[in-house]
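**Student:** Here it is, the structure, as structure tokens.
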Amino acid sequence: MQVREVKDKQTRKLFHQVAHEVYRGDENWAPPLEVMIDNTFDPEKNAFYKNGDGTRWVLTDDDGRLLGRVGAFINGNKAYTFQQPTGGMGYFECVEDQEAAFLLFETAKNWLKERGMEAMDGPVNFGENLMNWGLLVDGFKPQAFGMPYHKPYYRDFFEAYGFKVYFEQYSYHLNHKDPFPERFWKIAGWVAQKPNFHFEHVRFSKIEKYIQDFVKIYDQAWAHHDNHQSVDLDDIRGMVRLAKFIADEEFLWFAYHNDEPVAFFGMIPDWNQILAKLDGKVNLKNVLKFWYYKKKKTITRTRILIMGVVPKFQGSGLESAIFWHLDKVMKRKHWYNEIEMSWVGDFNPKMVAMYKSVGGVHAKTHYTMRYLFDPNQPFERAPKLMKDVRLLREERKNKEKSNTAETETED
Numbered sequence: 014m015q016v017r018e019v020k021d022k023q024t025r026k027l028f029h030q031v032a033h034e035v036y037r038g039d040e041n042w043a044p045p046l047e048v049m050i051d052n053t054f055d056p057e058k059n060a061f062y063k064n065g066d067g068t069r070w071v072l073t074d075d076d077g078r079l080l081g082r083v084g085a086f087i088n089g090n091k092a093y094t095f096q097q098p099t100g101g102m103g104y105f106e107c108v109e110d111q112e113a114a115f116l117l118f119e120t121a122k123n124w125l126k127e128r129g130m131e132a133m134d135g136p137v138n139f140g141e142n143l144m145n146w147g148l149l150v151d152g153f154k155p156q157a158f159g160m161p162y163h164k165p166y167y168r169d170f171f172e173a174y175g176f177k178v179y180f181e182q183y184s185y186h187l188n189h190k191d192p193f194p195e196r197f198w199k200i201a202g203w204v205a206q207k208p209n210f211h212f213e214h215v216r217f218s219k220i221e222k223y224i225q226d227f228v229k230i231y232d233q234a235w236a237h238h239d240n241h242q243s244v245d246l247d248d249i250r251g252m253v254r255l256a257k258f259i260a261d262e263e264f265l266w267f268a269y270h271n272d273e274p275v276a277f278f279g280m281i282p283d284w285n286q287i288l289a290k291l292d293g294k295v296n297l298k299n300v301l302k303f304w305y306y307k308k309k310k311t312i313t314r315t316r317i318l319i320m321g322v323v324p325k326f327q328g329s330g331l332e333s334a335i336f337w338h339l340d341k342v343m344k345r346k347h348w349y350n351e352i353e354m355s356w357v358g359d360f361n362p363k364m365v366a367m368y369k370s371v372g373g374v375h376a377k378t379h380y381t382m383r384y385l386f387d388p389n390q391p392f393e394r395a396p397k398l399m400k401d402v403r404l405l406r407e408e409r410k411n412k413e414k415s416n417t418a419e420t421e422t423e424d
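Just so you know, we're using the numbering used here here: the sequence shown kicks off at 14 and counts up by one.
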């Protein structure tokens with residue numbers, strides 16, 4: 014078997030062909046856009062190269078038969094926030110051959126180890142975890158755009174090599190035609206019309222304003238997540254460039270309190286329902302087919318990518334209020350009849366409970382797996398979110414009391 018690093022047009026072509034070989038005849042698989050994958054490994058297109066590195070390989074036998082592929086990368090913003098410096102491996106595809114799979118894992122491991130890493134997560138993305146993150150282990154059906162699809166035997170490869178589950182990821186499906194509980198809409202309508210709040214969907218003509226608003230929300234809402242790092246503006250702008258292609262302005266919502274951004278909600282159409290009919294290539298023929306299927310309202314499902322509320326307003330019903338506004342959009346765009354809420358980690362039980370409360374049905378499970386290079390090191394799963402809303406509020410109250418006492422003492 015021969016491992017070749019992807020460095021030219023020929024090896025890039027082979028890299029993409031591997032997936033077509035592995036999933037040949039599998040109707041559940043939607044070929045991803047090759048240009049999106051190539052951009053991930055392009056330092057000019059991927060902002061994570063500013064403080065990181067990545068590469069990829071393709072595996073063949075001596076006769077040139079395609080056996081597999083893999084990528085490895087280091088996100089310098091996150092790698093050193095764990096107990097062991099941790100890199101990533103992803104874009105893994107392989108025929109049903111354990112020796113080939115292990116050679117790919119070993120190639121990624123050695124590359125990461127040479128660069129100071131002591132562990133690797135996989136299969137993950139060289140970017141944000143909204144896209145191409147996790148190993149599918151349950152729900153072998155068509156995936157929503159950005160959610161990876163895999164062969165069932167991949168799990169055996171990962172576990173046999175020594176990967177362990179770092180955290181589980183759940184996707185919930187919601188039939189938009191089924192009514193939400195009456196109590197939900199009553200609360201949602203009440204919050205949505207409170208005088209100090211206002212809600213608006215994104216307009217790409219004012220995108221820089223929304224980028225700044227998102228950063229304010231992100232740095233507060235995700236501050237209590239494990240290994241939180243401040244968001245990189247260049248990375249956000251890169252996501253926006255993608256959003257202009259894949260998103261609908263009316264599916265991206267902000268909530269404001271006295272003009273301060275306090276919540277964000279992001280949802281996209283499930284482009285996989287069209288990509289499944291194409292071959293992953295961007296050419297004139299496929300562009301015409303894409304617009305044909307789009308015009309025919311082929312897409313009937315949406316995917317919720319992200320939802321965040323600053324701690325001060327968590328538990329105040331802002332998510333419900335956004336759904337209240339979004340419901341009016343969905344009724345106008347009636348061809349959308351299903352919402353996929355993906356993904357939520359098992360480390361976030363409150364969000365799991367919220368998805369269930371609106372009628373979400375657990376439909377798919379992915380695993381983010383971790384491999385420690387030193388087997389003698391203790392393995393620990395991702396911790397639950399460190400603080401719930403009540404603790405955060407209690408901390409704020411105590412801090413306010415402390416500040417008041419200090420002021421009185423000074424007086």
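For each residue, glycine too, the CB sits at the ideal point set by N, CA and C.
For my contact list, D134 and T381 are in at a C-beta cut-off of 8 Å; report their separation, rounded to the angstrom.
**Tutor:** Yes, they are in contact, since the Cβ atoms of D134 and T381 sit about 6 Å apart, within 8 Å.
**Student:** For F278 and E112, I'd like the C-alpha separation in whole angstroms.
**Tutor:** Roughly 43 Å separates the two Cα atoms.
**Student:** If you measure between the beta carbons of W228 and E262, is that distance less than 7 Å?
**Tutor:** For the record, residue 228 in the displayed sequence is Val; it is not Trp. No.
**Student:** Can you tell me where the beta strand (DSSP E) with Q182 in it begins and where it stops?
**Tutor:** K177 to N188
**Student:** Is the Cβ-Cβ distance between I200 and G330 less than 7 Å?
**Tutor:** yes
**Student:** On the three-state DSSP scale, how would you describe W235?
**Tutor:** In this structure, W235 counts as coil in the three-state DSSP scheme.
**Student:** Going residue by residue through the region 59–145, where are the continuous beta strand (DSSP E) segments of at least 3 residues, counting only ones entirely within it?
**Tutor:** 65–73, 79–88, 99–107 and 132–135
**Student:** Using 10 angstroms around the beta-carbon of R403, count the other beta-carbons present and answer buried if the total reaches 16, otherwise exposed.
**Tutor:** Low confidence applies to R403: its pLDDT is 45, below 50, so where it sits in the model is not reliable, and the reading given next is rough at best. Burial call: exposed.
**Student:** Please classify Q30: does DSSP put it in a helix, a strand, or coil?
**Tutor:** helix
**Student:** Starting from the Cα of H33, find the closest Cα among E172, K294, V357 and M130 and give me that residue.
**Tutor:** K294
**Student:** Should the region 311–318 be called in touch with the region 148–162, which here means at least 3 C-beta pairs below 8 Å?
**Tutor:** Result yes; three or more Cβ-Cβ pairs closer than 8 Å.
**Student:** If you compare alpha carbons, which of A132, Y183, Y223 and R37 is closest to P369?
**Tutor:** According to the sequence shown, residue 369 is Lys rather than Pro. Among A132, Y183, Y223 and R37, the Cα nearest to that of K369 belongs to Y183.
**Student:** What residues are listed by DSSP as bridge partners for A276?
**Tutor:** A268 and V322
**Student:** Can you pull the DSSP bridge partners for Y380?
**Tutor:** Under DSSP, Y380 shares a beta bridge with L148 and E181.
**Student:** Over what stretch of residues does the beta strand (DSSP E) that includes V19 continue unbroken?
**Tutor:** From DSSP, V19 is part of no beta strand (DSSP E); its letter is neither H nor E.
**Student:** My guess is that K58 and N52 are in contact by the Cβ rule of under 8 Å, so how many angstroms apart are they, rounded?
**Tutor:** 4 Å
**Student:** I believe M320 touches E332 by the beta-carbon criterion, under 8 Å. Please report the beta-carbon distance rounded to the nearest angstrom.
**Tutor:** 6 Å
**Student:** Could you have a look at F214 and say whether DSSP puts it in helix, strand or coil?
**Tutor:** It is His, not Phe, that sits at residue 214 in the sequence shown. Note: H214 maps to strand in three-state DSSP.
**Student:** Check the DSSP bridge columns for M354 and list the partner residues they point to.
**Tutor:** Y185 and I317
**Student:** So, for W124: in the same chain, excluding its five sequence neighbours on each side, which residues have a beta-carbon less than 6 Å away from its beta-carbon?
**Tutor:** A85
**Student:** Determine which residues share a DSSP beta bridge with H375 and list them.
**Tutor:** Y185
**Student:** Do you know offhand how far K122's Cα is from A234's?
**Tutor:** 33 Å
**Student:** Should H186 go down as buried or exposed, given a rule of 16 or more other Cβ atoms within 10 Å for buried?
**Tutor:** buried
**Student:** Hey, how far is the Cα of R69 from the Cα of M49?
**Tutor:** Going from the Cα of R69 to the Cα of M49 covers about 14 Å.
**Student:** So, are the CB atoms of Y166 and E109 less than 7 Å apart?
**Tutor:** Contact: yes.
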